[in-house]
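Student: No gaps in the numbering here: position 292 of the sequence shown is 292 in the working numbering, and each next residue is one more. Beta carbons are placed, not taken as given, at the ideal position from N, Cα and C, and that holds for glycine. Quick one: structure below, then a few questions.
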Amino acid sequence: MPPKKQDKAAAARRQKVAEDKTFGLKNKNKSKKVQAYVQSVTRSQAQVAAEKASAAKRAAKASQQALEREMAQMFKTVQKPAKQGMDPKSVLCEYFKQGLCLRGDKCKFSHDASQVRKVAKLDIYQDPRWIDEEDKRPNRTDIVCKYFLDAVEARKYGPLWVCPNNGKDCQYNHCLPQGFVLQRDKKLMAEQEGDDVSLEEQIEIDRAALLKRSDLTPATKESFEKWKIAQKEKAEAEVKAKVKAAMDKKAMGKMGLATGLSGRDLFTFDPSLFVDDLDAANDDELEIVAEEEEDADRADAADDEKQQLSMVGDPSLFLADDDLPDDDK
């Protein structure tokens with residue numbers, strides 16, 4: 001037996017009771033207390049509904065971000081951040097290029113490919129302010145604005161760039177002269193020119209340039225040996241001249257210690273200066289000689305004392321300290 005059809009009116013009443021907490025309350029329109037209660041219940045219901053809507057919105061946003069992260073992980077999409085001072089709307093969204101961006105108008109990056117192409121085609125050799133107003137600016141000058149030049153060098157110049165010098169009323173040029181090369185382009189050109197020639201090619205170029213010269217001697221084994229001998233003779237001659245000049249300047253001893261020359265220079269000049277004398281005494285002989293010299297010194301001291309006593313004469317002529325009169329008497 002099929003189920004009975006529910007009465008639509010009864011279902012509507014049940015739904016109204018579930019939604020309206022004040023359903024069936026007496027004296028709604030007469031008692032102030034009842035009306036205040038109804039208002040508080042209505043506000044609480046509205047607040048609960050708003051919280052539910054906000055929670056649902058946050059949940060939807062979180063799920064959308066999770067989906068974007070998952071898709072970015074799958075397709076390895078990375079959004080490059082806009083440079084400092086640059087409008088993000090001038091940067092094309094990488095997710096939009098691949099059809100993956102789900103943010104729509106809320107995305108801070110541009111979803112307009114034509115606008116990005118316009119930015120790329122911006123002419124830095126023509127001032128957009130003076131295209132139609134050449135005769136309306138009497139203070140126009142050919143000097144390039146330094147703020148404009150800095151912005152171009154730093155790649156910050158674009159349709160949304162504003163000159164710090166009075167904005168659009170800046171009297172200086174916001175364009176580069178024809179043929180002007182930026183510093184960053186010069187560095188890039190120098191690096192490219194340096195990379196064109198390898199080390200081996202540069203060596204061959206230098207060798208070819210040397211072969212064309214007639215004032216040079218080719219380096220062979222025989223020429224190298226001759227050069228080595230000549231260098232050695234030259235060094236020895238310089239050392240001998242140095243030693244001779246020092247000896248002429250000041251008479252030096254047997255070892256030449258007062259000349260200020262190094263031992264190497266002296267050995268190069270005369271190796272015989274560093275050979276031991278065959279007649280030199282050993283340590284024992286030196287000790288004997290030292291003792292004999294000390295005995296001779298003591299004998300000389302005794303002779304001097306005797307000579308002084310003979311010059312004095314009779315010692316009894318001198319009074320002792322006890323025989324001297326006192327100063328008080």
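#1: Applying the criterion that 16 or more other CB atoms from any shown protein chain within 10 Å of the CB defines a buried residue, is Lys89 buried or exposed?
#2: Provide the residue(s) that pair with Val166 in DSSP beta bridges, ordered along the chain.
#3: Would Gln178 and Glu153 qualify as a contact pair, given that the criterion is a beta-carbon distance under 9 angstroms?
#4: Between the alpha carbons of Asp185 and Lys228, how many angstroms are there, rounded?
#5: With DSSP collapsed to three states, give me the class of Val91.
#6: What three-state label does DSSP hand Ser63 in the structure shown?
#7: Taking the alpha carbon of Asp142 as the reference point, which residue from Cys175, Arg207 and Ala49 has its own alpha carbon closest?
#8: Using only the alpha-carbon positions, how far apart do Gly365 and Asp127 sit?
#9: Applying the criterion that 16 or more other CB atoms from any shown protein chain within 10 Å of the CB defines a buried residue, is Leu149 buried or exposed?
#10: Under a three-way DSSP split, which group does Ser110 fall into?
#11: Identify the residues that DSSP records as bridge partners of Val144: which are they?
#12: Of the residues Ala56, Lys33, Cys145 and Lys187, which one's Cα is nearest the Cα of Leu169?
#13: Within the continuous alpha helix (DSSP H) that includes Gln202, where are the two ends?
#14: Touching or not, the region 208–215 and the region 225–242, by the rule of three or more beta carbon pairs under 8 angstroms?
#15: Measure the Cβ-Cβ separation of Leu122 and Ser110 and say whether it is below 9 angstroms.
#16: Return helix, strand or coil for Thr220, following the three-state DSSP convention.
#17: Expressed to the nearest angstrom, what Euclidean distance is found between the alpha-carbon atoms of Lys97 and Asp112?
#18: Exposed or buried, what is Asn173 when buried is set at 16 or more other beta-carbons lying within 10 Å of its beta-carbon?
#19: According to DSSP, simplified to helix, strand and coil, what is Ala154?
#20: Using only the alpha-carbon positions, how far apart do Glu51 and Ile124 sit?
Tutor: Put simply:
#1: By the neighbour-count rule (16 or more Cβ atoms within 10 Å), Lys89 is buried.
#2: Note that residue 166 corresponds to Asn in the displayed sequence, not to Val. Bridge partners of Asn166: none, in fact.
#3: With respect to Glu153, Gln178 sits apart: the two C-beta atoms are not nearer than 9 angstroms.
#4: Their backbone Cα atoms lie some 50 angstroms apart in a straight line.
#5: Here Val91 carries a coil assignment [DSSP, helix/strand/coil].
#6: Helix at Ser63.
#7: The residue with the shortest Cα to Cα distance from Asp142 is Cys175.
#8: Residue 365 lies beyond the residue range present for the chain, which begins at 1 and ends at 329; the question has no answer from this structure.
#9: With 16 or more Cβ atoms within 10 Å of its Cβ, Leu149 is classed as buried.
#10: Ser110 falls in the strand class under three-state DSSP.
#11: Bridge partners of Val144 according to DSSP: Asn173.
#12: Note that residue 169 is Asp in the sequence shown here, rather than Leu. Nearest C-alpha to Asp169: Cys145.
#13: Counting along the chain, the alpha helix (DSSP H) containing Gln202 begins and ends at Leu199 to Leu211.
#14: They do not touch, by the three-pair rule.
#15: For the pair Leu122 and Ser110, the CB atoms are not nearer than the 9 angstroms cut-off.
#16: Note: Thr220 maps to coil in three-state DSSP.
#17: Rounded to whole angstroms, Lys97 to Asp112 spans 10 angstroms at the Cα level.
#18: Asn173 sits buried, since 16 or more C-beta atoms from the chains shown fall within 10 Å of its C-beta.
#19: Here DSSP, grouped into helix, strand and coil, assigns Ala154 to coil.
#20: Computed Cα separation, rounded: 53 angstroms.
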